[in-house]
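Using the working numbering, you'd call the opening residue of the first sequence number 20 and step up by one each time.
One structure is given below, encoded as structure tokens.
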Amino acid sequence: MGIKKLQSIRGIHDGLPGDVAKWQKVEAAAKTVFSRYAFSEVRLPLLEPTELFVRSIGEETDIVSKEMYRFEDQGGDDLCLRPEGTAGAVRAYLQAGLTRAGAQRWYYTGPMFRRERPQKGRLRQFQQIGVEMFGVAGPIEDAELLAMARDFLLELGLDQVRMEINSLGCPTCRPAYRDRLVSYLKERANKLCETCNERMEKNPMRVLDCKVASCQSELTDAPEMIAHLCADCDVHFTGLKAGLEALSVDYQINPRIVRGLDYYNRTAFEIITDQLGAQGTVIAGGRYDALVEALGGPATPAIGFAMGLERLAMLLPEVNVSGPDMAIVALGDAVEGHALMLASQLRSKGLSIVHCGGGSAKRQFKMADREGVRFVLVVGEDEMNAGLVTLKNMQTGEQQQLAPDVIVAAVL
RNA sequence: GUGGUCGUAGUUCAAUGGUAGAGCCCCGGCUUGUGAUGCCGGUUGUUGGGGGUUCGAAUCCCCUCGACCACCCCA
20 MGIKKLQSIR GIHDGLPGDV AKWQKVEAAA KTVFSRYAFS EVRLPLLEPT
70 ELFVRSIGEE TDIVSKEMYR FEDQGGDDLC LRPEGTAGAV RAYLQAGLTR
120 AGAQRWYYTG PMFRRERPQK GRLRQFQQIG VEMFGVAGPI EDAELLAMAR
170 DFLLELGLDQ VRMEINSLGC PTCRPAYRDR LVSYLKERAN KLCETCNERM
220 EKNPMRVLDC KVASCQSELT DAPEMIAHLC ADCDVHFTGL KAGLEALSVD
270 YQINPRIVRG LDYYNRTAFE IITDQLGAQG TVIAGGRYDA LVEALGGPAT
320 PAIGFAMGLE RLAMLLPEVN VSGPDMAIVA LGDAVEGHAL MLASQLRSKG
370 LSIVHCGGGS AKRQFKMADR EGVRFVLVVG EDEMNAGLVT LKNMQTGEQQ
420 QLAPDVIVAA VL
């Protein structure tokens, strides 16, 4: 056969039953915890107009400038596979006319697409669970949102993580801080690495979280945003910290948390694990008060976060995919219809049943064994004529004959 | 996008220029109404793909695809 090997495209992986079992566990925890905070699920498009991401994420960002799957469709429309969820959520919020409908609390789950070089925990198609809250401005809500993220991780049993928070300021205080930082950096430009020199032009705050040790030692007394917040931002940050303390949420202040996406302001946070190498950020988010307006709506405060489903799943122990409750072994052509009917009846009573398909007893028992069932229902001509079935316990090897209507009771 | 490690049977791995192998899995038999355990027998590969060097390549070289690692960036 000259068939060329077909495989999924780079960085786009299959979710097989073992993976999906974990994903469902994560999604169930999200639903449980987010519902307690009165968040509702929304389902948003995977495909959006390119314009949406250019205007929200920012044309200069890596995501927009080189990582989007972008194409023109047959009608000539410029479209993108969404690289993240917030922009689409804001678009939906505006499109539905909800700006006067009070606070909106949404969550969603689904694939995002970024054409990056893949690694473990970093895929070209990956899943995020995202949370967005529109129409609330205060630090109280920020603290509650962070507590919700914490509660979610605890629901999953993940406590080997740390939460780091920062404030990114706002259009009032950030420009002045930015200038101060840039002049600080320029004085030391020749001692900073090449990428930091590029970052100085493009996104100076990025220099602060450079991984190069020599840069970090050069930056020990670099000005920090939280020391230069305007009065309103300072009150907000103080309120956030007080709220987290009231809710017993463990956190560390990390003045070097930065955001690549243009729309963030004030509260920024990350939840990080040390167990996933360089891809340790498992949840990240923050406030984006300017985005709704930037996309054409009325000024509307908003905050949200996103988590990487695959990354979370990697932190979870293997989930064993549950096998069927029972297998049916039908012996002889004469019992074919009778065995099918029994299988159907047992399914309608809530048992999960596999039918071993007839043929030799050996083949069918082998199949039943492989399915990992605890019980096999043997249906032969003898049993059928007597109005009974044989139930075999696959662990003990014991068999007993009984009436069909007591099977369910016998296996529980 | 840059740099690096790796890729051999379904799977886990051997074979360092000289006939591609083992364990597990799988299939058949011992047992045509009984699996898992035991015994006997059997199949399994364009060595990721393509090209080159060589009498001869899994092994050396080049290209390419993929996984992984670091950077960039980010969930």
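For glycine and all other residues, C-beta sits at the position ideal for the given N, C-alpha and C.
When the alpha-carbon of Thr-257 is set against those of Ile-184, Asn-209, Leu-350, the nearest one is in Ile-184.
Under the criterion of beta carbons closer than 8 Å, Thr-292 and Thr-118 do not qualify as touching, at roughly 37 Å. Taking 9 Å as the cut-off, the beta carbon of Leu-280 is found closer than this to the beta carbon of Ile-82.
One alpha carbon belongs to Leu-227, the other to Gly-149, and they sit about 27 Å apart.
Judged by beta-carbon spacing, Val-311 lies within the 9 Å limit of Tyr-112, meaning their Cβ atoms are closer than that value. Residue environment: Ala-57 is assigned as exposed (fewer than 16 neighbouring CB atoms within 10 Å of its CB, all protein chains considered). The beta carbon of Ala-106 lies closer than 6 Å to those of Leu-71, Phe-72, Ser-75 in the same chain, with the five residues before and after it left out. Between Gly-140 and Met-326, the gap from beta carbon to beta carbon reaches 9 Å or more.
Residue environment analysis places Ser-186 among the buried positions, since at least 16 neighbouring C-beta atoms fall within 10 angstroms of its C-beta. Closest by C-alpha distance to Asp-269, out of Gly-305, Arg-285, Glu-289, Arg-136, is Glu-289. One thing to note: Glu-402 has its Cβ within 9 Å of the Cβ of Thr-409.
Per DSSP, Tyr-127 lies in no alpha helix (DSSP H) segment; the continuous beta strand (DSSP E) that holds it begins and ends at 123-132. Shown here, Cys-99 sits in a strand according to DSSP, grouped into three states. If you draw a straight line from the Cα of Val-45 to the Cα of Phe-90, it comes to about 32 Å. Counting every other CB atom within 10 Å of its CB across the protein chains shown gives Gly-323 a total of 16 or more, marking it as buried. Bounds of the alpha helix (DSSP H) holding Gly-262 are 250-265.
According to the DSSP secondary-structure assignment, Phe-394 is paired through a beta bridge with Met-345, Asn-412. A Cβ-Cβ contact shorter than 9 Å links Glu-237 with Arg-207. The beta carbons of Glu-86 and Arg-134 sit about 5 Å from each other, so the pair counts as a contact at 8 Å. Membership of Gln-26 in any alpha helix (DSSP H) is not indicated, and neither H nor E is assigned to it by DSSP.
Cβ-Cβ distances below 7 Å link Glu-174 to Ala-48, Thr-51, Val-52 in the same chain, with the five nearest sequence neighbours on each side left out; the list follows chain order.
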